[in-house]
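Peer 1:
Protein chains: 2
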Amino acid sequence: MTARILLVDDEPDITGTLEYNLRREGYETQVADTGQQALALARETPPDLVVLDLMLPDLSGTEVCRRLRQDDRTRGVLVLMLTARGDEIDRVVGFELGADDYVTKPFSVRELLLRIRALLRRNAPDAPRAETAREDEVVFGRVRLDPPAHRAWVDDEEVRLTALEFRLLATFIERKGRVQSRDALLNDVWSIHADVTTRTVDTHVKRLREKLGEAGHYIETIRGVGYRFRARPDEETAP
Amino acid sequence: MTARILLVDDEPDITGTLEYNLRREGYETQVADTGQQALALARETPPDLVVLDLMLPDLSGTEVCRRLRQDDRTRGVLVLMLTARGDEIDRVVGFELGADDYVTKPFSVRELLLRIRALLRRNAPDAPRAETAREDEVVFGRVRLDPPAHRAWVDDEEVRLTALEFRLLATFIERKGRVQSRDALLNDVWSIHADVTTRTVDTHVKRLREKLGEAGHYIETIRGVGYRFRARPDEETAP
DNA sequence: CGGCCCCGTCACGCTGTTGTCACGCGGGCG
DNA sequence: CGCCCGCGTGACAACAGCGTGACGGGGCCG
């Protein structure tokens with residue numbers, strides 16, 4: 590079974606070169622030059638791997654990745670990100686997005702081809718990713734997160750989180766034990782730097798708590814400061 | 590638990606640079622310049638990750654990797670390979686060796702650091718922050734403060750402080766040993782420059798003392814001037 | 001095109017926090 | 001020795017901050 594690869598970039602030079610080389614190696618390829626198109630194609634017939642540029646005309650690459658993870662049909666697709674600022678890479682391959690690999694621009698085509706091959710083989714049918722998949726999971730008390738699959742559980746009961754909620758929860762867990770001001774959260778989760786008087790953060794924290802049920806108590810309110818995710822699941826703070 | 594990283598390369602330049610950078614990020618490092626030495630060290634106390642050069646004086650990097658995978662003690666260790674001729678990479682990250690990632694020489698240190706961080710996090714059991722949080726703590730006698738977490742303890746008993754009280758206490762400790770006039774405190778803690786006739790400061794000092802219990806005596810009243818936090822916990826001032 | 005889901009905003013009500021006041025005490029200064 | 005200013009203290013009312021339910025717009029999918 591030859592692998593199918595979806596190339597997403599608005600630069601024809603890049604997709605062209607990659608397509609040529611990948612086909613020469615026996616892969617089937619598809620090309621999309623916008624995020625929307627990429628999502629449509631991926632949902633139509635999920636590829637084995639998506640090479641995803643971060644800079645796209647419509648949606649950002651991170652957004653595309655997020656939506657891929659949210660759809661059952663495309664959840665398991667491997668994602669290799671192209672380009673990321675150094676300080677973004679952590680989020681790209683970390684809790685939040687769970688991309689499987691990345692290559693920074695300018696990149697050598699050879700390098701990219703090698704990484705694609707490595708990813709596909711690591712994920713090959715008879716070499717189940719079971720082991721590595723486990724390692725990608727994040728467990729905190731009764732909460733379990735699988736960033737690459739973009740799924741969440743509480744007590745082994747799956748919880749359906751929206752993209753935003755997932756991002757919020759991932760950020761909380763990543764920064765557990767430390768208070769996050771509303772401003773900080775708006776920066777990191779919403780990617781906006783606005784002075785805020787709205788109750789947006791509060792509302793989404795409420796929704797997240799609601800969906801997490803008992804585990805919602807992991808999110809503590811520090812009045813006048815912000816929110817804090819518990820440092821440890823069994824921790825008891827002063828009354 | 591900070592991660593332990595074993596660097597294996599016969600180039601002191603490389604190991605030196607990496608060691609410096611990794612330590613700066615809080616990792617523990619070990620260095621080996623031969624394959625045999627690397628294996629010995631790894632078996633002695635298995636590290637969390639091995640950065641492994643392919644070109645070594647005695648054993649090849651691939652051979653070292655293979656033996657690491659064969660030994661029960663070191664089987665689970667993450668391996669990041671340095672340098673590989675293009676046509677070798679397939680074997681390195683493939684079934685045969687099963688390295689977890691690779692970086693080709695010449696490599697950017699930044700790139701390598703990012704990949705190391707990504708690997709470790711993906712593989713981190715838990716509590717990646719526990720240790721670093723410690724470093725942010727402020728300890729003064731029986732009082733302990735954790736500003737990022739916005740928590741306070743007296744004799745390891747957590748004390749619940751309001752945002753204002755926390756700010757006040759932090760300011761005191763920051764300016765310990767020096768008298769703070771009520772005006773100064775209103776400036777720094779309340780961020781207002783008002784002529785003061787109110788008993789606001791006094792009231793909050795009282796509340797803070799109350800919550801601190803015995804440790805409340807760290808805050809001394811300097812009649813006619815203001816308040817002063819002790820310079821040292823064991824200090825006794827003349828009555 | 002229509003329905004659904006997601007998300008931002010708003011208003012309302014509650015609770016903990018905070019500023020103020022009055023009172024009493026005590027120490028220093030005249 | 002006594003008075004006065006400064007400080008501790010308890011009470012209290014206003015208020016800000018937060019939880020919550022509801023609403024409407026907008027985007028995505030069928």
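Chains A and B are the protein sequences, given in the same order.
Heads up: the first sequence begins at 590 in the numbering used here, then just goes up one per residue.
Heads up: the second sequence begins at 590 in the numbering used here, then just goes up one per residue.
Glycine included, C-beta positions come from ideal geometry on N, C-alpha and C.
1. Might you give, ordered along the chain, the residues of its own chain that have their beta carbon closer than 8 Å to the beta carbon of A:Asp599, omitting 5 neighbours on each side?
2. Does A:Ile762 come within less than 8 Å of chain B when only Cβ atoms are used?
3. Return the bridge partner residues of B:Ser770 from the DSSP annotation.
4. Measuring alpha carbon to alpha carbon, tell me which of B:Lys800, B:Val727 and B:Cys654 ends up nearest B:Leu753.
5. Taking the alpha carbon of B:Asp689 as the point to measure from, which residue in B:Arg593, B:Cys654 and B:Thr591 has its own alpha carbon closest?
6. If I'm right that A:Ile808 touches A:Arg798 with Cβ under 8 Å, what's the distance once you round it to whole angstroms?
7. Under 9 Å, CB to CB, which of the residues in the stretch 794 to 820 of chain A have a partner in chain B?
8. Note down the Cα distance separating A:Leu750 from A:Tyr816, rounded to an integer number of angstroms.
9. Please state whether DSSP places B:Val692 in a helix, a strand or coil.
10. Output the distance between the C-alpha atoms of A:Ile678 and B:Arg704, rounded to the nearest integer angstrom.
11. Quick one: Cα of A:Glu720 to Cα of B:Pro636, how far?
12. Got a sec, what are the start and stop residues for the alpha helix (DSSP H) A:Ala752 sits in?
13. Residue range of the beta strand (DSSP E) that A:Ile594 falls in?
14. Distance check for B:Thr760 and B:Leu775, CA to CA, integer angstroms please.
15. Taking B:Val727 as the reference, which of B:Leu757, B:Leu701 and B:Ile762 has the closest Cα?
16. The stretch 653 to 674 of chain A: which residues have C-beta closer than 8 Å to a C-beta of chain B, in chain order?
17. Which residues in the same chain have their Cβ closer than 8 Å to the Cβ of B:Thr563, if we skip the five residues on either side of it in sequence?
18. Is there at least one Cβ from chain A nearer than 8 Å to B:Pro737's Cβ?
19. Within 10 angstroms of its Cβ, does A:Lys765 collect 16 or more other Cβ (buried), or is it exposed?
20. So A:Val620 and A:Leu596 are in contact, right, with Cβ under 8 Å, and what is the actual spacing, rounded?
21. Which residues bound the alpha helix (DSSP H) around B:Thr606?
22. So, does the stretch 657 to 666 of chain B touch the stretch 605 to 617 of chain B, judging by three or more C-beta pairs under 8 Å?
23. Quick one: grab the DSSP three-state call for B:Glu809.
24. I want to verify the contact list: residues of chain A whose CB lies under 7 Å from the CB of B:Thr651, in sequence order.
25. Check the Cβ-Cβ distances between B:Glu720 and every residue of chain A, and say whether any is below 8 Å.
Peer 2: Judging by the given coordinates:
1. Counting from 1 along the first sequence, the entry for residue 599 of chain A is found at position 10. Closer than 8 Å at the Cβ level, and outside the excluded window around A:Asp599, lie Asp622, Thr623, Asp642, Met644, Leu645 and Pro646.
2. Taking the first sequence and counting its residues from 1, one reaches residue 762 of chain A at position 173. Interface annotation, A:Ile762: not in contact with chain B, CB-CB separation never under 8 Å.
3. Here residue 770 of chain B corresponds to residue number 181 of the second sequence, with the count starting at 1. B:Ser770 pairs with B:Gly815.
4. Working through the second sequence from its first residue, we reach residue 753 of chain B at position 164. When C-alpha distances from B:Leu753 are compared across B:Lys800, B:Val727 and B:Cys654, the shortest belongs to B:Lys800.
5. Position 100 of the second sequence, counting from 1, holds the residue named residue 689 of chain B. Out of B:Arg593, B:Cys654 and B:Thr591, the CA that lies nearest to the CA of B:Asp689 is found in B:Cys654.
6. Position 219 of the first sequence, counted from the start, is the residue given in the question as residue 808 of chain A. Position 209 of the first sequence, counted from the start, is the residue given in the question as residue 798 of chain A. Right, their Cβ atoms sit about 6 Å apart.
7. So the close ones are Ile811, Arg812, Gly813, Val814, Gly815, Arg817 and Ala820.
8. Locating residue 750 of chain A in the first sequence gives position 161, counting from the first residue. Locating residue 816 of chain A in the first sequence gives position 227, counting from the first residue. Taking the straight line joining both Cα atoms gives about 19 Å.
9. Taking the first residue of the second sequence as 1, we reach residue 692 of chain B at position 103. Of the three classes helix, strand and coil, the one that applies to B:Val692 here is strand, per DSSP.
10. The residue you call residue 678 of chain A lines up with position 89 of the first sequence. The residue you call residue 704 of chain B lines up with position 115 of the second sequence. Straight-line Cα distance between these residues: approximately 9 Å.
11. Stepping through the first sequence from its first residue, residue 720 of chain A is reached at position 131. Stepping through the second sequence from its first residue, residue 636 of chain B is reached at position 47. No answer about A:Glu720 holds up, because its pLDDT of 38 lies below 50 and its placement is not dependable.
12. The sequence position of residue 752 of chain A within the first sequence is 163, counting from 1. Ala752 to Glu763 is the span of the alpha helix (DSSP H), which, as asked, contains A:Ala752.
13. Indexing the first sequence from 1 puts residue 594 of chain A at position 5. Arg593 to Val597 is the extent of the beta strand (DSSP E) around A:Ile594.
14. For the purposes of this step, residue 775 of chain B is taken as the residue at position 186 of the second sequence. For the purposes of this step, residue 760 of chain B is taken as the residue at position 171 of the second sequence. Looking at the two C-alpha atoms, the distance is approximately 11 Å.
15. Looking up residue 727 of chain B in the second sequence gives position 138. Of the listed residues, the one whose Cα sits closest to B:Val727 is B:Ile762.
16. Contact annotation: in the stretch 653 to 674 of chain A, no residue has its CB less than 8 Å from a CB in chain B.
17. Residue coverage of chain B in this structure runs from 590 to 828, which leaves residue 563 of chain B outside it and unanswerable.
18. Position 148 of the second sequence, counted from the first residue, corresponds to residue 737 of chain B. B:Pro737 counts as touching chain A.
19. Translated into the one-based positions of the first sequence, residue 765 of chain A becomes position 176. Sixteen is the threshold: when 16 or more other Cβ atoms of the shown chains lie within 10 Å of the Cβ of A:Lys765, as they do, the residue is buried.
20. Taking the first sequence and counting its residues from 1, one reaches residue 620 of chain A at position 31. Taking the first sequence and counting its residues from 1, one reaches residue 596 of chain A at position 7. About 5 Å; that satisfies the 8 Å criterion.
21. In the second sequence, residue 606 of chain B corresponds to position 17, counting from 1. Its alpha helix (DSSP H) spans residues Pro601 to Arg613.
22. No, the stretch 657 to 666 of chain B is not in contact with the stretch 605 to 617 of chain B.
23. Counting from 1 along the second sequence, the entry for residue 809 of chain B is found at position 220. Strand.
24. Counting from 1 along the second sequence, the entry for residue 651 of chain B is found at position 62. Listed by position along chain A, the residues whose Cβ is nearer than 7 Å to that of B:Thr651 form an empty set, because the closest Cβ is around 15 Å away.
25. Here the question's residue 720 of chain B lines up with position 131 in the second sequence. At B:Glu720 the pLDDT is 40, less than 50, meaning the model places this residue with poor confidence; the figure from the coordinates comes in the next sentence. Among the CB atoms of chain A, none fall inside 8 Å of the CB of B:Glu720.
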